[in-house]
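See below for the structure under consideration.
Residue numbers (my numbering): 8 to 340.
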């Protein structure tokens with residue numbers, strides 16, 4: 008059975024090694040004892056060696072890692088990977104006055120992280136906007152855990168730069184809704200827009216129209232000059248369409264040589280007027296590879312209880328009529 012003194016000594020030495028505050032009364036009582044002094048020195052040496060080993064391992068850790076105080080956000084230590092992340096090579100830029108909040112672009116994210124750590128002790132995969140030493144922004148993914156150092160709550164955080172991942176995600180999302188060549192919406196996205204506009208019109212009784220745009224003689228252009236020239240023509244037409252519609256309008260590539268414009272709150276007259284305007288612009292434009300080009304238009308206006316497929320079909324009928332009448336025309340169905 009251990010005596011009370013030995014138990015107190017074990018607790019004292021454990022606190023020394025773990026960097027928790029030891030019992031001052033115990034130190035005053037046995038501070039002059041040579042055996043105690045030897046044990047105390049040994050415990051402090053163990054602590055210092057452990058600290059050195061920890062710092063060495065911590066600095067070699069491949070992920071950017073920092074330790075901060077929980078409430079104040081004071082930066083306690085950080086590794087080389089973190090310095091690389093924020094684009095600095097030396098540790099001299101940091102001093103005791105540095106606060107981790109200085110690196111947060113959105114301070115409420117820091118508050119949210121601390122609140123979660125106080126509640127659960129751990130926070131995983133929180134996206135934050137981070138500033139490097141040049142005040143340049145990047146997207147960081149933070150995972151953190153609450154730890155205790157010398158009786159004070161701290162935060163151990165790992166921060167990864169996911170800017171490139173987010174860029175690729177955005178690119179993939181764009182590819183899913185945009186036509187790769189012309190950078191206008193693709194057909195699946197047009198279908199979704201058309202359905203939404205139809206439902207809105209059913210609710211509000213507001214008119215809306217569509218314009219089907221067909222590039223005249225595109226197949227002949229491809230056969231004569233090659234597909235790369237035809238592609239440039241399509242890109243140029245798409246740019247003309249984007250430049251001449253309202254913010255509320257939608258334009259996309261419906262098929263190989265066809266574009267579709269969706270016009271909310273637009274009746275027959277408004278849709279035909281826009282189509283005529285675009286037809287004239289196309290006719291009078293000198294294209295880089297093909298000097299002159301024309302286009303044919305089919306316009307259709309939504310009526311109650313009309314299905315999207317029927318609306319498109321009516322626009323196709325009007326477009327075909329424009330072709331039959333010599334092209335470079337606007338027809339309505």
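Every residue gets a Cβ at the ideal spot worked out from N, C-alpha and C, and that includes glycine.
As the structure is a computational prediction, the values presented were derived from the model and not from experiment.
Taking all protein chains shown into account, decide if residue i is buried (16 or more other Cβ within 10 angstroms of its Cβ) or exposed.
i, result
"residue 98", "Any reading at residue 98 must be qualified, since the residue scores a pLDDT of 48, below 50, and its modelled position is unreliable; the value itself is stated next. With fewer than 16 other Cβ atoms within 10 Å, it is exposed."
"residue 259", "buried"
"residue 41", "exposed"
"residue 307", "buried"
"residue 178", "exposed"
"residue 86", "buried"
"residue 230", "exposed"
"residue 336", "buried"
Given this structure, state the Cα-to-Cα distance separating residue i from residue j, to the nearest angstrom.
i, j, result
"residue 209", "residue 200", "14 Å"
"residue 92", "residue 149", "13 Å"
"residue 332", "residue 212", "34 Å"
"residue 301", "residue 282", "12 Å"
"residue 69", "residue 182", "33 Å"
"residue 122", "residue 192", "42 Å"
"residue 321", "residue 261", "15 Å"
"residue 128", "residue 197", "47 Å"
"residue 156", "residue 176", "39 Å"
"residue 194", "residue 80", "50 Å"
"residue 124", "residue 94", "28 Å"
"residue 264", "residue 285", "16 Å"
"residue 240", "residue 119", "51 Å"
"residue 340", "residue 315", "14 Å"
Could you tell me how far apart the beta carbons of residue i and residue j are, in whole angstroms, since I believe they sit closer than 8 Å?
i, j, result
"residue 238", "residue 303", "Residue 238 to residue 303, Cβ: 20 Å. No contact."
"residue 137", "residue 166", "7 Å"
"residue 151", "residue 160", "Their Cβ separation, rounded to whole angstroms, is 12 Å, which puts residue 151 and residue 160 out of contact at 8 Å."
"residue 112", "residue 133", "Contact flag wrong, Cβ pair sits at about 13 Å."
"residue 83", "residue 75", "6 Å"
"residue 72", "residue 164", "7 Å"
Could you check whether the Cβ of residue i sits closer than 9 Å to any Cβ belonging to chain B?
i, result
"residue 82", "Given the protein chain composition of this structure (a single chain), no chain B is represented."
request  = Examine the Cβ distances between the region 204–212 and the region 237–255 and report whether three or more of them are shorter than 8 Å.
outcome  = No, the region 204–212 is not in contact with the region 237–255.
inquiry  = So within the region 284–313, which uninterrupted beta strand (DSSP E) runs reach at least 3 residues, ignoring any that extend past its ends?
reply    = Complete beta strand (DSSP E) runs here, min 3: 302–308.
inquiry  = If we require 4 or more residues per run, which alpha helix (DSSP H) segments fall completely within the region 116–200?
reply    = Taken in chain order, the complete alpha helix (DSSP H) segments of 4 or more residues contained in the region 116–200 are 170–184.
message = Between the region 289–300 and the region 180–195, can you find at least three pairs of beta-carbon atoms closer than 8 Å?
response = Using a Cβ-Cβ distance cut-off of 8 Å, the region 180–195 and the region 289–300 are not in contact, since fewer than three pairs of beta carbons, one from each stretch, lie closer than that value.
query = Do the region 308–315 and the region 327–335 meet, that is, are 3 or more Cβ pairs less than 8 Å apart?
reply = No, because fewer than three Cβ pairs between the region 308–315 and the region 327–335 fall closer than 8 Å, the two stretches do not touch.
ask   = Would you call the region 264–284 and the region 213–222 in contact, with 3 or more CB pairs under 8 Å?
value = Flag = yes, the region 264–284 and the region 213–222 touch.
ask   = Could you give the uninterrupted runs of the beta strand (DSSP E) lying entirely in the region 202–257, keeping only those of 3 residues or more?
value = Along the length of the region 202–257, whole beta strand (DSSP E) runs at least 3 residues long occupy 215–222, reported in chain order.
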